[in-house]
Structure formats: structure tokens, C-alpha cells
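K.L.:
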Amino acid sequence: MMQPFRLANAGHLGGASPVRFTFDGKSYIGLEGDTLASALLANGVHLMGRSFKYHRPRGVIGAGVEEPNALVGIHRDAARKTPNVRATVQELYEGLTAVSQNRWPSLRLDVGALNDLGTPFFPAGFYYKTFMWPKSAWERLYEPFIRRAAGLGEAPDKPDSDRYANRFAHCDVLVIGGGAAGIAAAHAAAEKGARVILADEQPALGGAMRYLSATLDGKSGWLWAQEMATALSAMDNVRVLTRTTGFGYYAQNMLGLVERLSDHLAEPDPDRPRERLWQVRAGRVVLATGAIERHMVFPDNDRPGAMLASAGRTYLNHYGVAVGTKVGVYTADDCAYAAALDLRSAGVDVPVLVDLRRKPNGDLVDQAQQAGIEVVTGHALSGTDGRLRISRICVRPREGGERREYEVDALLTSSGWTPAVHLFSQSRGKLAFDEATQRFLPDTYVQDAVSVGACNGTAALADGVKEGLAAGETAARETGHRGKGRTLSIDAWSPEGGAGGMIGDSARAPQRGKAFVDFQNDVTAKDIRQAVREGMRSIEHVKRFTTNGMATDQGKTSNMHGLAIAAERLGLPVPQVGLTTFRPPYTPVTFGALVGHGRGALFEPTRRTPIHGWAEENGAVFEDVGQWKRAWYFPRDGEDMHGAVARECRTVRTSAGIFDATTLGKIEIVGPDAARFMELMYTNPWQKLAPGRCRYGIMLREDGFIYDDGVVGRLADGRFHVTTTTGGAPRVLNHMEDYLQTEFAELKVWLTSTSEQWAVIAVQGPKSREIIAPLVEGIDLSDEAMPHMSVREGRFGGVPTRLFRMSFTGELGFEINVPADFGRQAWEAVWEEGRKHGACAYGTETMHVLRAEMGFIIVGQDTDGTVTPHDAGLSWAIGKKKTDFVGIRGLARPDLTAVGRRQLVGLKTRDPNKVLEEGAQIVADPDQAVPMKMIGFVTSSYWSENCGRSIALALVEGGHGRMGEIVHVPMPDEVIDAEIVSTVFFDGKGEDANG
Amino acid sequence: MVEVLTRTGPLDGRSFAASGVRLSPAEPAARLSLRAGGDAVKALSKALALSLPLRPKSTSASGNLAALWLGPDEWLLIDEDGNDLMAACAAITAVHSAVDISHRNVAIDVTGPNVEDVLAAGCPQDLSLRAFPVGAASRTIFGKAEVVLWRRSEQHFRVECWRSFADYVFGLLEAAARDPG
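Keeping their order, the protein sequence lines are chains A and B.
In this note's numbering, each residue's number is its place in the first sequence (first place is 1) plus 6.
Each step along the second sequence adds one to the number in this note's numbering, with nothing skipped, and position 137 is 122.
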């Protein structure tokens, strides 16, 4: 088994099975429990990627989510290619296929690396400076160039074939982070009986126990963590979520977590989700998110083989992998000493440990010296060599002086630890800068949260565990779990903790070579200084000018360094330069996880009427009206839309048509004050409307403009059956409810939506009464007994009905309301009767044409929220004696009574065959210069088979006074002349609506 | 004599079972939206032979008639025997509003040990027994649809939605049911 850098007696993977995988087509073997990064390192592969801008060869930097360099594509199949996966996070599975990114033709030989030689031409702010002129080059040259160069990796070109799930959850205590402090907090809270969720982004709990030489309750830290995980999972009141990242902290202790369910599996079950989004509402949140180590900033600090000290230690102590055979160390804090000692104990040569500090002291320093490691203090690294792998480091005294060189094949660096305050900061908590340790730490909490352990700046393991226990117990108590259960104590010890260290450039002087601050976006210390020199003062500007911290890693290792360099250059204290904002997500989240189940048919409800199935079976073409599917027209064999609509329009006026009007909004208004409420909500008078009669009502907004309309039937003194437009149903109910609860709260009346209680079948046309008569029981349909605009209750097809006599076509017409479950059968019964009279089924297009022939408006089509009833020619619908209704004051505003307002008129084109375009603009003089003065626009326009010509409605300035005038509609290829006419086009000749 | 029409429900013929959960459309039922102020509660309770619940999220039942508290002046009455609830309210003189919504709503019975997790795929409320005990009911959302949840037993929720949303709600329940654990 070829894994030359796997050590026999190191790590936690002992006894794991071998796993085959490929990287850039080459086969390797790793172990179960490896990440892609640890498996590649076990095989001696450090070169894992190319940097974004300069295409520099790059190796792995970290061992966790902070990784900026080792981004790869994971390809399962054509639909499942995930770009920019951190090799340090991707778990190995049998047959894993990984490919490197941002290189051509190969990772080892990359043409793009020429950018590196062209560095002087790509300074900070390059894009902003270079692509300014000439303007014409932007579209043709610059944008295509930038687009090609922008972005990393290859996106899949097929729809995502994976499934994603969503889950809302509630708990008393949510613990983010399953390191020692988080485990302690979860355990303490759970023992007190609280409902606990413990989430950790890694495959197993343990956090820093992967690499620390820690002892907890007499066991190794790693073993303790695994035992605790088992114990916690067994508790009924605890949910342990591994592979789960807390990525967002929102208002009122709502957190977003994403759980990765199958990215680690060789053969994921296609029926199971790939990821699950957890939206957790927590009583208390314990943040135990740890800290992230920073690299040292010095020239050529980016060669493959150079990585964080904690990463080198994790590969050794957890994965049993030596990151090299001669490993140099460069540090400004104590942690790296522990790494050097661990490597030395594992038999790895550590030729030199360079410490920037002049006089470091402490146990670890002593131990390193005792172990025979050459410790060089007060020195800095001035450069490195090696093309695809680091081969040499150059060491100089801090103040300058003679330079020494050491042969190495790996380099561990540490400048200290940045507490992971991302979620705390997202919660709107305020950070404070701790001068002594050069860290931003949680200061003022805004939500019910507490930070424990390393993310709280607590260095020693024992202190972090103590904080965790206390936080867990307090959180349980504060959520009502006091008294019962054990109070825990955990005996914890570790030789070192995550200290603050130093931030900024370790050389602090001009030098040759690039000293990288942000590896992923190729931002150097020099770039930051240049940004300041060019006038950037706020860190927000420095960030955007240099792109520091703007890559997918969001500056986890780079932000503090960038800030310190800018502050030093500006001569200001760090807090005065500011800290960039932490925004969700903490690590990248797939769109799939956010969308969850809401794809395809579940993206948005599709609403269908009970009659939909019949329409579908009978060839209807449907249109979307809001969430509804409505039958648009019913083409017969060989008919196009025009032919079908012409036939349907003719048939309705000569025989009858049957129309599914179920989608109309319906509101039942019930109570002794129902009529008073109606008076207030509509412009029309209602008090005198007798039960059994209907009226067309208009509803205004406060500002006097038309909001909705519909026919209203009075069923009893205290009961109205209101109809609204299809699209207006929910908002009209809200509008009414709003006024009822706030303005007219004293009225004894209630509103109930009955839109879906009733299926509505409109039968319109001279034969309509004959068609429905055989099905109606208990209602006299004669003109005398049931005149136009009336409503009766009785039975239809043996079931209860509300039968309206009304017309939206100008013809004799009825609307049959039956309980919705009877809709389909009722329709079929009407259809059977209708066929005897030559009736047809018609759709929304014919409905639109027929109403336009009569000049009936459609709210939202012929009105646009700036049209009053007067403008629409509906002044008759305003109760002249009424002293109050919503909008009455608005209607009196000077602008709404001014002359020259746009008013609804009819248009007849001079050429009767010419159908205007809806939305087309209207001018008085077509010969004026552009831009022309537009006096209105076309709102509705159709071919009217019944009129034998085109008809249109339009809003035209002063239109009601322009009857007979010719106006002009300029189109791209011609100007169409039209005459302003009345809105009523069809002159009913037969039996009209009044019988 | 007119032939009496037959019923067709939007979920006729649908059913679904996955490990730990079963979805089945409920039988048609009579439903009433009852609105009234506190002063009418006594008279209404008497007429309906059931004491209207007054606490948020609570329900009361008498035989197969149940009243679900939806708001301070609003109850959803469900009679699984299909009795004419409008008729039952017709004689009440206390001020109230009774509206028949038997056909507006459709119900789905969701049963099994995973019922809480399945509903939690689309409902942001806390559905644990502690927060949502047996007999609790609430008007809430499930995905993008408004629903009324009613916990009939530890492992049985009745999900009421408007009929045109039934296909969506059933579909989302199916998708959620395929996500065990």
C-alpha cells in the first residue's frame, strides 16, 4: 500500500480500510476517515491548486473550513460536479474523483502562471484602473475577458439531480461547535433536562481534540470526545448533528444550519436528500466555534508545503500523516512549538524553529530546546525557494543582517489564533479589540447567546471546558430547567492554548517577493499598503480595492493580517480602521440546501379548479393567473387561438357559452352591521339593496383610485356574498380586514373567505336559461321572478346552489355556485344540456373579448392604480348621497378632479382589420419631434368577431371630451390612426342581459 | 327529477406511505367558520352542545363534532359525521357569523412515529408534545400554503388546507416523508 507519508503509530485512523480515489486522473489510496487533503498528503502530494490571479502553485494551508488554497472539483457524474470544494473538508470515499481547478493545460504546467511574471501590470485595483476606457471596449473586450477569467472551477451543465430537505426545529439550548467546550455545554444543559441540539461541522465531535495533546477525565481528548458523543446521542433530549455547519445567525435566536448527508458516501441513496437545511429557533445559543489559526506573512510564503502549524499537527495526530521529512517551523506564538515537538516525537526531522519573538519563554519553549530543536529567536523568514514544493527557507535577524538558509520540504507557520466570532457578530453582537492579545473578542450581546472556549478568547483548555459547563447549566436554568440532574465537572488539561500572537506582516519592511495575506485572492502585504497609499482609509475600502477577504473563504486567515497592515500604514490603532462586517454564510452553502423541497411542482402551489380536469380532457389551453391555471381557450381540431376565440365569441352571442369562473374571489360578509360595512368599503350604496338582489360594486383605496370590483349579492339583511377579481382575492380580504380591525372596529360584522367553497359555472348567452332550467329546483327563473342582477338559493342537480343572474357579456346569463366537490359533475351536467343548444365551453380570452365589446373594465388591465371611477366612466357607481366610504376624501383631491386626466375611452382603428398592441402609446400629432408627447395608451385590444372589426380600450388625456377625434399610435414600422369612441362596441340585438 | 350530483375531491385516490409516516386524505366532513364575540360564546356552546374553547391553540370536542380555536373570535368547527352545522346555528339569536366552508377545506391525516419531523419540513412551529400536545390546533403555514394543524393523538395530525392547495400540500408532505431521520 503506497502511502509513503502515512505513519504507522500516529493518528486516530488506526485499522481503517483503504479507499481508492483519483486526483487529476491519477489513482491513489487513502484510508477511511481521511479527507481528500490528508489522503493526498499521505501520498506526498502537496500541489493541489493554482491561485486565482497569478496562477501560483499552491498546496494545502489548513486542515479545516478555513482552507483558502486547496479547492478542487468533485465530479460524481455530469449533473453532479461540485466546484470549489475544500480538499480539507471533502471526506474520502471509494472511487472519489477530484480534479484541480484554474490551470491549463495541467496543474504542474499552467500557462496562466505568466500572470505571475506580469505582476507589475496587475497591481491592486487593476480592474478599476484599467478597464475604464475606451467605453466601447467594455462590451466587446473587457467584459468577455473578465468573465472568462472570473470564477473558479467548473459548474455542472445539467440540472441538479440531488434532493434537498428542510427542517424547522426548536430547542432550549443550541450549541454550535462540538469541541471540548461545546460538548461540555451540551452535556451540562442536557443533564438539567433541557432540549439540546449540538451541531458540529466535522464528521465527528472533538474539534481541536484531533491534534491537541489533551487529557480529559483521564482520557486522551479524542477518546473522551467520542465517548461523550455516544453518551449525548443516547439521551432523549439531545440531538447531535455532525457534518452540520451553523452558517447564519438571524433575528430572535433563529439560526441556519446545513447538514451534509451524502457528500461523504460512495453510493448515495438517490431517494435520500444530499443536504438538509435546519432552521432552528433556540431559547439560548452557546457559541463554541473555536478559533482559526493565522499564517505568517513573509515573502513567498505560499509555496506548496507551507501550511498552518495546527494543520501540520492535525495531519500528524489525527490522520497519521507526516507533512514532510524536513519540516521547518516559523512562529510568533507558542502553539507551533507543540507542533514541532509532536513531529520530533513521531520521528520527523525539524531542522529549525524560527521565532519572531526576541525572548519567548515557557514550558514549550524549554521542551523544544531540550528536544534538541534548533530554536532561532528574534529572526524572521525573508524568503523561500522551490517551484512546485518548498525546498529552502531563508532566515534573517528581524533587524536585518546575515541570512541563513535551511533545506526543508515543508514549513509550519503560526502567527496566533483568531477567535471565530462570525456567528456572534452576525447576531449583531458587538466586538471589542483586546490590545494585549491583538484579537477582537465578543463584548456586548444583543441576543440570548454566550460564547465559550476559544471563540471567546479563552486560551487554556481547562478554562474553556469550565466556561462550557457553566454556560450549559445557565442556559438550561434560564429556559426553565432548574434543580434536577447532575452538576458536572470535567477534569481537563492541555499543554498549550490558542494565544493571540501577532497580526500583520512579520517583516514590516519593503522586500522582494510576494508576502501573501489572502492566498485565495492573491492579495499581498504590498497590495494593502498600496491601497492605503492611494487613499483608502476605511478597511471596507481597502477590502474592496484589494479584494482582501472577498474570496470564498471570506478572509478567515487573512482579514486580521490585512487590517493590521492597513492600520500600521495609516498610523492608527486597529479598532479605528474598523473591522469588515461578518455576513452569513460562515462557509459556502449550496443553493439546493436553501431551496430545499421547493423545486419543480413544489416551487409554488399550482391552484386548479374542480373543473380543471374536464377542461384538460377537452383540449383547453391554459394560462396562469396568479397561482391559478385557467382555461384560456378551447381549440377544436385544426383551430388556432384566433379561430377558437372567434368561434367561442360568436357562439356565446348566438347560443350560449359555458365558462369556469371558480377562481373569482368570494368573501362572505356576515353580521348585523354587514350593510354598514359594505357602505364604507364600496363607493356604491347598499342599505337599500333588497335581499335577493345584486349590485356591481367598486372598491377604492384611501387615495381614491380603483382597487377592485365585482358583483355582490345580498343573501339576507345581514349576509352579503361578495365577489372579487381572481388575482385580488387575498389582498381584498386583507384590505377589508385591515379596515374592519382598525377603523371600523365597532361594527358587528365578520369576513370569511369562501373563494374555494364554491365552484362557479357561468352560462352566458340567449340560450342560457333553457340550458340550466332542467337542472334547477326551487327557483323560478322567469324574468319577473328573477330579474337581471339577482341571486337565489335553491338546488342545482340536487345539491345546494347560490344561483346568480348576472352578465359579464351583455347577454342573458347565470352564474351557478355549487359546493366545490360537486363542481365537476355540475359542469358536466350543464355541458350535456348545453350541447343540445349548440353551446360551447369558453375560456378567459373569449371572456375578455366579450366584456370589452360591452366596455366592461378589468381592474388591473384597464386600470393601473391611478384611475378613479370617474376616469373609468363609472361615476354612476358612486353613491351620490353617501357621506363616507374609503376613498371619498381622496376623490376630492384637486389632482383627481382636474381636467385633462386620462380617461377610459374606446378606440376604433381607421383600418378595421388592424388590431392595436396593448400598451401602445397614443399621440395627438404623429409628426412632432421625438420624444413625442404621449397622451395615453392602449389598455385592452382584441379582434371582435361579433363586431367584425378590431376594438380597443385606452386611457387618453381628457378622453371623454374627445369623442370622434382621431389619435395616432406610432409603431416601429407604421403609425396607426384610430378614432376615439364610446367604450360600448357591441350593440346587443337579441335577448340581452335584461331579458 | 334531477339526478343528484356526486362528489369529487381533489385528493381522491391519493395515498402515500414511507418509513414512519402515512399520508391519507380524510373523509369529507362538514365545516363551519364560526365568528362571534365573547358575549355569544355561551349561547353558541349551548346550541352546539359543545363548549367553545377559549385558549389559543386549544380544541374541544363532543362526539364527532370538534371546535378548533383559531383566533379570539374565530373557531373552525369540524363535524366528521357531516351534520348540517348551518342549520344547527340558524336558530341562535346571539350575534355571530356562521359560514359553511365544508368544501373550502380538504384534510389530510398524517400518522406515524415520524409525524413531527415530516410536518417540521414546512411548518416553523414547535410541534413537540410539550409545545403542541394532543388536542392542540393552530392555523399556521406549511411551505407556501396556509394550513390548520390539529393533533389528534401523539402520532396523528390532521392537516386542513384550502382545496386548491391540497395537491401542493400533499406533494410537500410526500417529499418530507421521503426524508427520514
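In this text, a Cβ means the ideal position worked out from N, Cα and C, and glycines have one as well.
In this text, all values refer to a predicted model and were calculated from it rather than measured experimentally.
What span of residues does the alpha helix (DSSP H) with A/Ala190 cover, start to end?
P.N.:
If you number the first sequence from 1, residue 190 of chain A lands on position 184. Element bounds for A/Ala190: 186 to 197.
K.L.:
For A/Met302, which residues in the same chain have their Cβ closer than 6 Å to its Cβ, ignoring the five residues on either side in sequence?
P.N.:
Counting from 1 along the first sequence, the entry for residue 302 of chain A is found at position 296. Excluding sequence neighbours, A/Met302 sits near Tyr336, Thr419, Ser421, Ser512.
K.L.:
In whole angstroms, give me the CA-to-CA distance for A/Ala76 and A/Val329.
P.N.:
Here residue 76 of chain A refers to the residue found at position 70 when the first sequence is read from its first residue. Here residue 329 of chain A refers to the residue found at position 323 when the first sequence is read from its first residue. Answer to the nearest angstrom: the Cα atoms are 15 Å apart.
K.L.:
Could you work out which residue in A/Gly698, A/Ala481, A/Ser239, A/Asp744 is closest to A/Ala791 when comparing CA atoms only?
P.N.:
As a first step, residue 791 of chain A must be located in the first sequence, where it is residue number 785. Of the candidates A/Gly698, A/Ala481, A/Ser239, A/Asp744, the one whose C-alpha sits nearest the C-alpha of A/Ala791 is A/Gly698.
K.L.:
Residue range of the alpha helix (DSSP H) that A/Tyr848 falls in?
P.N.:
Against the first sequence, residue 848 of chain A aligns to sequence position 842. It is not in any alpha helix (DSSP H) - A/Tyr848 carries neither H nor E in the DSSP assignment.
K.L.:
Helix, strand or coil: how does DSSP classify A/Ile982 here?
P.N.:
Start at 1 with the first residue of the first sequence, and residue 982 of chain A comes out as number 976. Reduced to three states, the DSSP call for A/Ile982 is strand.
K.L.:
For A/Leu569, tell me which candidate among A/Cys177, A/Asn554, A/Pro932 has the shortest Cα-Cα distance.
P.N.:
On the first sequence, position 563 is the one that residue 569 of chain A refers to. Cα-wise, what sits closest to A/Leu569 is A/Asn554.
K.L.:
CB-CB under 6 Å to A/Gln927, same chain, minus the five flanking residues each way: which ones, in chain order?
P.N.:
Here the question's residue 927 of chain A lines up with position 921 in the first sequence. Cβ neighbours of A/Gln927 beyond the five flanking positions: Met940, Phe943.
K.L.:
DSSP three-state call for A/Gly996: helix, strand or coil?
P.N.:
The sequence position of residue 996 of chain A within the first sequence is 990, counting from 1. Only weak support is given to the placement of A/Gly996: the predicted model assigns it a pLDDT of 45, under 50, and the value that follows is read from those uncertain coordinates. Coil.
K.L.:
Measuring CA to CA, which of A/Gly710, A/Val327, A/Lys886, A/Asn624 is closest to A/Asn690?
P.N.:
Here residue 690 of chain A refers to the residue found at position 684 of the first sequence. Measuring from the Cα of A/Asn690, the nearest candidate turns out to be A/Lys886.
K.L.:
For the beta strand (DSSP E) containing A/Leu910, list its first residue and its last residue.
P.N.:
Numbered from 1 along the first sequence, position 904 holds the residue referred to as residue 910 of chain A. Note, A/Leu910: beta strand (DSSP E), 908 to 915.
K.L.:
Ends of the beta strand (DSSP E) at A/Ser950?
P.N.:
Here residue 950 of chain A refers to the residue found at position 944 when the first sequence is read from its first residue. From DSSP, the beta strand (DSSP E) with A/Ser950 extends over 940 to 950.
K.L.:
What are the boundary residues of the beta strand (DSSP E) that includes A/Cys400?
P.N.:
Position 394 of the first sequence, counted from the first residue, corresponds to residue 400 of chain A. Counting along the chain, the beta strand (DSSP E) containing A/Cys400 begins and ends at 398 to 403.
K.L.:
Where do the N-terminal and C-terminal ends of the beta strand (DSSP E) with A/Gly289 fall, by residue?
P.N.:
As a working note, residue 289 of chain A is residue 283 in the first sequence. Counting along the chain, the beta strand (DSSP E) containing A/Gly289 begins and ends at 281 to 293.
K.L.:
When the Cα atoms are used, what is the spatial distance from B/Val91 to A/Pro616?
P.N.:
Position 106 of the second sequence, counted from the first residue, corresponds to residue 91 of chain B. Position 610 of the first sequence, counted from the first residue, corresponds to residue 616 of chain A. For B/Val91 and A/Pro616, the distance between alpha carbons rounds to 13 Å.
K.L.:
Using DSSP's beta-bridge definition, name the partner residues of A/Gln770.
P.N.:
Counting from 1 along the first sequence, the entry for residue 770 of chain A is found at position 764. Per DSSP, A/Gly663, A/Gly819.
K.L.:
Answer yes or no: the CB of A/Gly50 versus the heavy atoms of the ligand GTP, is any distance below 6 Å?
P.N.:
In the structure shown, the ligand GTP is absent, as is every other ligand, since no ligand is present at all.
K.L.:
My output table needs one value for A/Phe430: the three-state DSSP class, helix, strand or coil.
P.N.:
Walking along the first sequence from the start, residue 430 of chain A turns up at place 424. Three-state DSSP puts A/Phe430 in a helix.
K.L.:
Going residue by residue through the segment 347 to 427 of chain A, where are the continuous alpha helix (DSSP H) segments of at least 4 residues, counting only ones entirely within it?
P.N.:
Fully enclosed alpha helix (DSSP H) runs of 4 or longer: 369 to 376.
K.L.:
A/Glu708 and A/Gly896: beta carbons closer than 7 Å?
P.N.:
Here residue 708 of chain A refers to the residue found at position 702 when the first sequence is read from its first residue. Here residue 896 of chain A refers to the residue found at position 890 when the first sequence is read from its first residue. A contact, by the Cβ cut-off of 7 Å.
K.L.:
For B/Trp147, return the contacting residues in chain A, with the cut-off set at a CB-CB distance below 9 Å.
P.N.:
Within the second sequence, residue 147 of chain B is the residue found at index 162, counting from 1. In chain order: Arg613, Ser759, Ser761, Glu762.
K.L.:
Provide the residue span of the beta strand (DSSP E) that contains A/Arg720, from first to last.
P.N.:
For the purposes of this step, residue 720 of chain A is taken as residue 714 along the first sequence, with counting starting at 1. It spans 712 to 722 - the beta strand (DSSP E) in which A/Arg720 sits, taken as one unbroken run.
K.L.:
From the DSSP secondary-structure annotation, give me the bridge partner or partners of A/Met260.
P.N.:
Within the first sequence, numbered from 1, the residue matching residue 260 of chain A stands at position 254. In the DSSP output, where bridge partners are listed per residue, A/Met260 has A/Tyr256, A/Arg287.
K.L.:
Can you find a CB in chain B that lies within less than 7 Å of the CB of A/Pro448?
P.N.:
The count along the first sequence starts at 1 and reaches residue 448 of chain A at position 442. No - not a single Cβ of chain B is within 7 Å of the one on A/Pro448.
K.L.:
Using DSSP's beta-bridge definition, name the partner residues of A/Ala537.
P.N.:
Walking along the first sequence from the start, residue 537 of chain A turns up at place 531. In DSSP, A/Ala537 forms no bridge with anything.
K.L.:
Can A/Ala317 and A/Gly185 be called in contact, C-beta distance under 7 Å?
P.N.:
If you number the first sequence from 1, residue 317 of chain A lands on position 311. If you number the first sequence from 1, residue 185 of chain A lands on position 179. No, Cβ-Cβ distance for A/Ala317 and A/Gly185 is not below 7 Å.
K.L.:
Check whether chain A comes within 7 Å of B/Phe150, counting only Cβ atoms and requiring the distance to be less than that.
P.N.:
In the second sequence, the residue the question calls residue 150 of chain B occupies position 165. For B/Phe150, the answer is yes, since a Cβ of chain A falls inside 7 Å of its Cβ.
K.L.:
With DSSP run on the structure shown, which of helix, strand or coil describes A/Gln763?
P.N.:
Locating residue 763 of chain A in the first sequence gives position 757, where the first residue counts as 1. Here A/Gln763 sits in coil by DSSP.
K.L.:
Can you look up A/Arg589 in the DSSP assignment and give me helix, strand or coil?
P.N.:
As a first step, residue 589 of chain A is located in the first sequence; it is residue number 583 there, counting from the start. The answer is coil: DSSP assigns A/Arg589 none of H, G, I, E or B.
K.L.:
A/Glu851 and A/Val717 - do their beta-carbons sit closer together than 7 Å?
P.N.:
Within the first sequence, numbered from 1, the residue matching residue 717 of chain A stands at position 711. Within the first sequence, numbered from 1, the residue matching residue 851 of chain A stands at position 845. Taking 7 Å as the Cβ cut-off, A/Val717 and A/Glu851 do not qualify as a contacting pair.
K.L.:
Using a Cβ-Cβ cut-off of 7 Å (strictly less than) and excluding sequence neighbours within five positions of B/Ala238, which residues of its own chain qualify?
P.N.:
Residue numbering for chain B in the displayed model covers -14 to 166; residue 238 of chain B lies beyond these limits and cannot be assessed.
K.L.:
Contact criterion: CB-CB distance below 7 Å. Does B/Val132 meet it with respect to chain A?
P.N.:
Working through the second sequence from its first residue, we reach residue 132 of chain B at position 147. For B/Val132, the answer is no, since every Cβ of chain A falls outside 7 Å of its Cβ.
K.L.:
Quick one: Cα of A/Val105 to Cα of A/Pro165, how far?
P.N.:
Residue numbering aside, residue 105 of chain A sits at position 99 when the first sequence is read from its first letter. Residue numbering aside, residue 165 of chain A sits at position 159 when the first sequence is read from its first letter. Between A/Val105 and A/Pro165, the C-alpha separation is close to 21 Å.
K.L.:
Measure from the C-beta of B/Lys129 to each C-beta in chain A and report whether the shortest distance is under 7 Å.
P.N.:
Within the second sequence, residue 129 of chain B is the residue found at index 144, counting from 1. Yes - at least one Cβ of chain A is within 7 Å of the one on B/Lys129.
K.L.:
Taking the straight line between their C-alpha atoms, what separation do you get for A/Ile982 and A/Gly710?
P.N.:
Locating residue 982 of chain A in the first sequence gives position 976, where the first residue counts as 1. Locating residue 710 of chain A in the first sequence gives position 704, where the first residue counts as 1. Going by the C-alpha atoms only, they are around 34 Å apart.
K.L.:
Contact defined as beta carbons within less than 8 Å: I believe A/Gly36 pairs with A/Leu113. What is the distance between those atoms, to the nearest angstrom?
P.N.:
Indexing the first sequence from 1 puts residue 36 of chain A at position 30. Indexing the first sequence from 1 puts residue 113 of chain A at position 107. Incorrect: roughly 18 Å between the Cβ atoms, too far for contact.
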